[in-house]
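Taking our numbering, the leading residue of the sequence shown gets 45, the next gets one more, and so forth.
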Amino acid sequence: MAERILQDIAEQKKRLEIAQINKNTEEKAQAYHNLASAYYFLKDFHRAIEYLKQFLSIAEEVGDGERARCAYNKLGSAYRSLGDYQRAIEYHNQDLRISKEVGNRAGEGCAYGNLGLNYNLLCEFQQAIECQNQHLIIAKEVGNKACEGKAYCQLGHIYIHLDEYQRAIEYINKGLIIAKEVGDRETQLQGYHDLSTIHSRFGEYQRALEDANKYIILCKEIGDRGGQGQGYGNLGNIYLHLGENQRAIEYINKQLNIAKEVGDRAAEGYAYHNLGSVYHQLEDFQRAMECQKKHLSIAKEVGDRRGQGLAYLGIGEVHDSLGDVAGAMKYYKQCLSIAEEIGDRLAQGQTYCRLGKCYANLHEFKEAIECYKQHLSMAEEIGDRMVEACAHHGLGRSFLCSDSLNEALGHFRCCVKIFDTIRANSISEDQLKISFRTNCEVAYTHLWQVLVMLDRNDEALYAAERGRAQALLDALKVTYGLTSLSLRSIESEEVKYLSMNTAVLTVFFALELKKVNMWVLRKEGNPVFRNAEFEIGGAHEDSFALLLDTALKKMRAGVGIRCENRSMDQLSDDPTSTTRDDDQTSKPSQETTDYLQPLYDAVIGPIEDLLDGDELIVVPDGPLSKAPWAALSETLRIRTVPSLTSLKLITDSPSGHHSKSGALLVGDPCLEKVTNKWGNPIYEQLKHAKMEVEMIGEILESQPLTGEDATKEAVLQRIGSVALVHVAAHGRKETGEIVLAPDPRCESKPPTEEDYILKMSDIQAVKLRARLVVLSCCHSGQGPVSSEGVVGMARAFLFAGARSVLSTLWAIDDEATRLFMKSFYQQLASGESTSVALQRAMKFLRDSNDYSAPKYWAPFVLMGDDVKIELEKESLSKS
């Protein structure tokens, strides 16, 4: 298209030269008009304006009112595209004047519509509404359906700025119906963009993303680059709200680049503002400040009052985060002044929120509470659910700091209830749910902490439980056909039932900076609450993570074969021997005491007197999700669950859901084709992994997949129907993703990761029937830690429907793991449960001469139910 336009420009320039030579006024006028239209299409507005002024000069010279009106119209649109709204209004007023003089009602309506667009951009909303109403009246009068649709959508757009969302939706939907009817894609664009904005403010992020993507698709179809930029900016803002900062940056940078490309200064300014917001979220305050100052400069240049206000708000936020409260308040008050001037209630509410935070930092809690109340009032009035939740949280924090705990509790309850509703009803993608919940983490934490402070410990447990593994629970309800379950309050009777009817002794953890809170749940009676403080090297936000990391580094040093990018000669072959402590208590053995004792004292010591029996379920929190529980007790069979409710959903799953036949055994995939840029293999083959699955195959009478047969494609084809999945292969350090063989027919040379890496998304897309999944790979229990627990491969298998998952916390030794798994499967084959088989396999290694050190047997963690494998013996062919 662009190439054809350039050819047309060349032809029109020749036409203009000839007309000038021949002094043909009509031909000159037509050439000027055509050149202006071509450059306008190419978004080269400066050149378009140059030719439009020549066209206008001729029209006025010969007294052609209709052509003059057309020139004024297009000049106004060009200046609007350049962000010069005042000059645009001047030209559109000239268009309106001439349209009235010549009695062109359709042109008059169009002029009113264009004036409305510019008044809206200048935040002069009442004048904008008056103009668009005139536009609508005339469109109906002359029967112009396209203009009628445009007027409705423009009115909807204005009412968004006035925070009258329901009215906006009503007008936009009317406009969209007409626009689709007449094939007006530009008006459809406006409608989809505005609906996306509204849904985002309601916290309906999935619908917002859908509308934003429809908008971008339409922009591409009609070649609207500026519109594409706006669409990318909208996507960036939605992802920012969801906590997906890197995706937000990616889309906002696209918005910025396009704005520069088409010369839209106002759009460029908003792109800088959006980037500044993301960098602020990432605590890159220097970049955030640079971006906000660029936005302020551009907003002043183009006369965008709303943009100036938002820039002041962004600059104030950076000063606030840098500890400059006085500087922050100065900019916030400038933003508030502009917001009140132009009637931008959303910006007013946001500013009151920031001022409330400043007053709270100054310990002026009365003033803080008044600001947050103003914030809440405006949020409720305009119906912005996310802003409303943030206002409740600000009030909760202010009341908490002023020791008004009951008032704080009420606001924290309201806050998390809104967050729960948004997540459950408005977001479908698992990763977005996790990011959104992580963004809201502090509100959930404050809720259970206040309940603990009020000595309402049982309620604190219910509150903490309702905040755990929410995205996983949503998935499990779908997996097990429980989608009809409604969202319950955090004091749900079902959660209370869970805590008082636990078949196995269970401990639920909730961590603070240097304090661990524990609820011990027994078969009978109410939960027993304990908490304890622990000391480690000064105050540190991640002090518990540091405590755990110190122990793990000492425990796992010098071991690891089934991991990514590790060769045999990089690994220690000098295993540390140990003397097992014969004292049959739950304390760790003497060899591990030195570096595990602080961890033991923090999480087991305070409840040691309550640990009767030989089985324990742990609901970990934060870094405890990566704790080597088996190393803390030789006598307890310990397994973990992401939450109490997830365990209930798994154990109460339909009786026929999990298969009782079939095993998928995968070992030592052939990785010869997986090479680096020099053509050298990246991974070592794992001879003991092959021996391991062949040994298990003999026990279970099932044929394993090894070598070239152990492809990603073959695994995904079979994994959904079997009762047992066992994978012995390389695992990636950060996520536990599994390295399988690429298809021998793979055309990629070398193959891409998509051809051989088994990812979380691959597993989550499969409906599993497995009772037990064993991930005999390095780091298979690794991943980022959130309220979901560890977001990695083990969780992905639970997500997809596995009843129980055995994974590893760090790199594992190839030969030691083979011996471990031999003992484990012998116990399973004799009818023992998974937890018993696991404990005995660990004891087998502890009692060995070569592999008694915890680094060999302690990384194995069982998550989910404690199952028995009663396989109907059958052969699994390679074909």
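The C-beta atom is built at its ideal place from N, Cα and C for all residues, glycine as well. For clarity, every value in this text was computed on a predicted model and none was experimentally measured.
If distances are taken between C-alpha atoms only, which option among the options comes closest to residue i?
i, options, result
"residue 415", "424, 403, 426, 425", "403"
"residue 874", "743, 590, 514", "743"
"residue 897", "877, 840, 857", "857"
"residue 597", "671, 645, 565", "671"
"residue 695", "467, 500, 907, 293", "907"
"residue 483", "288, 370, 680, 758", "288"
"residue 891", "867, 912, 905", "867"
"residue 130", "878, 51, 862, 162", "162"
"residue 262", "276, 780, 249, 117", "276"
"residue 353", "370, 362, 388", "388"
"residue 660", "51, 546, 784", "546"
"residue 305", "273, 291, 333", "273"
"residue 588", "564, 120, 548, 643", "643"
"residue 87", "267, 815, 575", "267"
"residue 49", "85, 68, 72, 699", "85"
"residue 411", "507, 236, 400, 421", "400"
"residue 574", "251, 373, 504, 515", "504"
"residue 548", "681, 777, 783", "681"
"residue 138", "424, 489, 340, 117", "117"
Classify residue i as helix, strand or coil using the three-state DSSP reduction.
i, result
"residue 682", "strand"
"residue 911", "coil"
"residue 634", "Note that residue 634 scores 46 on pLDDT, short of 50, meaning its location in the model is unreliable and no value can be drawn from it."
"residue 904", "strand"
"residue 856", "coil"
"residue 835", "coil"
"residue 778", "coil"
"residue 661", "strand"
"residue 286", "coil"
"residue 875", "coil"
"residue 830", "strand"
"residue 609", "Any answer about residue 609 is weak, because its pLDDT of 41 lies below 50 and its placement is not dependable; what the coordinates show is given next. DSSP places residue 609 in coil when its eight states are reduced to three."
"residue 749", "strand"
"residue 186", "helix"
"residue 106", "coil"
"residue 343", "helix"
"residue 702", "coil"
"residue 893", "coil"
"residue 795", "coil"
"residue 812", "coil"
"residue 498", "coil"
"residue 512", "coil"
"residue 578", "coil"
"residue 676", "helix"
Per DSSP, which residues does residue i bridge with? Please list them.
i, result
"residue 563", "552, 573"
"residue 770", "709, 818"
"residue 785", "755"
"residue 725", "719"
"residue 351", "Note: residue 351 sits in no beta bridge, so no partner."
"residue 801", "783"
"residue 849", "817, 907"
Using 8 angstroms for Cβ pairs, my map puts residue i next to residue j. What's the rounded Cβ distance?
i, j, result
"residue 336", "residue 359", "5 angstroms"
"residue 324", "residue 365", "7 angstroms"
"residue 927", "residue 167", "Here the chain has residues from 45 to 923 only, and residue 927 is not among them."
"residue 827", "residue 835", "5 angstroms"
"residue 249", "residue 476", "7 angstroms"
"residue 96", "residue 133", "Not really, about 16 angstroms apart at Cβ, beyond 8 angstroms."
Less than 8 angstroms between the C-beta atoms of residue i and residue j, yes or no?
i, j, result
"residue 595", "residue 668", "no"
"residue 295", "residue 280", "yes"
"residue 750", "residue 712", "yes"
"residue 370", "residue 379", "no"
"residue 445", "residue 409", "yes"
"residue 810", "residue 846", "no"
"residue 219", "residue 196", "yes"
"residue 886", "residue 820", "no"
"residue 814", "residue 768", "yes"
"residue 42", "residue 762", "Look at the range of the chain in this structure, 45 to 923, and you will see that residue 42 is not part of it."
At a Cβ threshold of 8 angstroms, is residue i touching chain C?
i, result
"residue 464", "In the structure shown, chain C does not exist; there is a single protein chain."
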